[in-house]
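Trainee:
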Amino acid sequence: MPSLLRSLRVKTLFALACVPLLLLSACGNAGNGGGTTTGGANNANANVSLTVGGKLDVESQLLTKLYTLVLRDQGFKVNEKPAFGNNTIVFQGIKSGAIDLYPEFTATGLDALKKTSTLDDQKDYDTVKAGFKDQFKIDWLDYSPLNDTYAICAKADNSMGLKSISDLSSKAKQITFDLPSDSAYVMDYLKAKYGLTLDSFKATHKVDYAIGFKEVAGGQADAAFCYSSDNGININKLVALQDDKHAFPAYHPAPIVRDSVLQKSPAIKDALNALAPKITTEASLQLQKDVDTNAAQGMSKAKAITEAATKFLKDQGLCKNGCK
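So my numbering is basically just the index in the sequence shown, starting at one, shifted up by 109.
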């Protein structure tokens, strides 16, 4: 998978020599700090302390915050570790016990198991759920509809009437397409299901990922490679074209929890599974937009994320005890 992922998120697992040192530092703080609070929902849960970690990008920090608030609302004592690290660090963190749970993505889980996607969302989920249980003693809870996968973006009001990648394919000779130079692998997916290659297009621009958004918005290109829940879609008034032939693997987020933790506190599953269906791609885009709005009003990044996540949970009726 690519190294260009927005906001420093990488969707494949690398080996980092510095992981042990970072984890040692994280373990030293796992029992305190991070704003440990409890809700009044369940007295039994109040005796349980959890460390919830997450990845570096804003979307992952939002997921971490949502998990944290929902668990606190159910009475758990939660030590939150937002932006704990990249894929490798958080994965090593849960295996080592530095964190108890974090949001992971299904296709990233396949990478950890060295499996390839079947391009069937449920089958991929079933594979990672069984594989993580067997190899790592880690449970996957219910996955969310949010799919942060590869996509092709175009103007929301594009003059060609593009709504799907099939539309793009049928009009490729009229289209200028932007693609980062290190993302050529995307064409393998598009060729397999849509018969598209770089030669299919009228012209192609090899540009940095963020530039693709700007060129499409400014009319220098008709479509560009993007990620389906990137806030750049909102900012630049674009849409992700429907992958109507399901060419791209799914990246659905789900809480993953060490077996030993879940066995002692099965109520974790009920709390987070109630949240799962509420987290859609549209919800993620709106949450990221709300973070930007809050930040523009002078809030710190951390507060902007907390305010956006809290409002979302209240709107969804998932703050029974105030989500504090």
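We put the CB at the ideal spot given by N, CA and C, even for glycine.
(1) Return helix, strand or coil for S338, following the three-state DSSP convention.
(2) Since I274 is in the beta strand (DSSP E), which residue starts that stretch and which ends it?
(3) Return the CA-CA distance between T419 and L171, expressed in angstroms with no decimal places.
(4) Excluding the five sequence neighbours on either side, which residues of its own chain have a C-beta within less than 7 Å of the C-beta of E168, listed in chain order?
(5) Assuming P358 and L228 make a contact with CB atoms under 8 Å, what is their CB distance in whole Å?
(6) Using a C-beta cutoff of 9 Å, does S226 count as contacting chain D?
(7) Return the chain-ordered ranges of every beta strand (DSSP E) run that is complete within the segment 251-332 and spans a minimum of 3 residues.
(8) Beta strand (DSSP E) containing A363: first to last residue?
(9) For D251 and F214, I'd like the C-alpha separation in whole angstroms.
(10) Thinking just about the alpha-carbon of each residue, which of L299, I261 and F310 is nearest to the one in I284?
(11) What residues match up with K186 in a beta bridge as DSSP calls it?
(12) Between which two residues does the alpha helix (DSSP H) containing L396 stretch?
(13) Helix, strand or coil: which one does DSSP assign to P212?
(14) Measuring straight from C-alpha to C-alpha, what distance separates S369 and K204?
(15) Is Y318 closer than 9 Å to F334 when the C-beta atoms are compared?
(16) Could you compute how far the alpha carbon of Y234 sits from the alpha carbon of S158?
(17) Pop quiz: L427 and L384 are said to be a contact at Cβ under 8 Å. What is the actual Cβ separation, rounded to whole angstroms?
(18) Tell me which residues share the same chain as V161 and place their Cβ nearer than 8 Å to its Cβ, disregarding the 5 neighbours each side in the sequence.
(19) Could you tell me if Y298 is buried or exposed, where buried requires 16 or more neighbouring beta carbons within 10 angstroms of its beta carbon?
(20) State the Cα-Cα distance for the pair G270 and K264, rounded to the nearest angstrom.
(21) What's the C-alpha gap between K282 and D166?
(22) Any idea what DSSP makes of A349, helix, strand or coil?
(23) Determine the direct distance from the alpha carbon of D276 to that of A312, and round the result to whole angstroms.
(24) So if DSSP puts I247 in a beta bridge, which residue, or which two residues, is it bridged to?
(25) Run through DSSP, which three-state label would Q425 get?
(26) Report yes if the CB atom of I274 is closer than 9 Å to the CB atom of L305, and no otherwise.
Mentor: On the basis of the data shown:
(1) coil
(2) Taken as a continuous stretch (DSSP letters only), I274 belongs to no beta strand (DSSP E), being part of the alpha helix (DSSP H) at I274 to S279.
(3) 10 Å
(4) D257, S338, S393 and Q397
(5) 6 Å
(6) Of the protein chains in the structure, only one exists, and it is not chain D.
(7) Taking only runs of at least 3 residues, the beta strand (DSSP E) segments lying wholly in the segment 251-332 are 259-264, 285-288 and 312-315.
(8) Segment P362 to R367, the beta strand (DSSP E) holding A363.
(9) 11 Å
(10) F310
(11) Partner(s): S158.
(12) T390 to A405
(13) Residue state, collapsed to three classes: strand.
(14) 11 Å
(15) yes
(16) 28 Å
(17) 6 Å
(18) The beta carbon of V161 lies closer than 8 Å to those of T173, Y176, T177, L180, V187, N188, E189, K190, I208, D209, L210 and Y211 in the same chain, with the five residues before and after it left out.
(19) buried
(20) 10 Å
(21) 36 Å
(22) strand
(23) 17 Å
(24) Here I247 is bridged, per DSSP, to R367.
(25) coil
(26) yes
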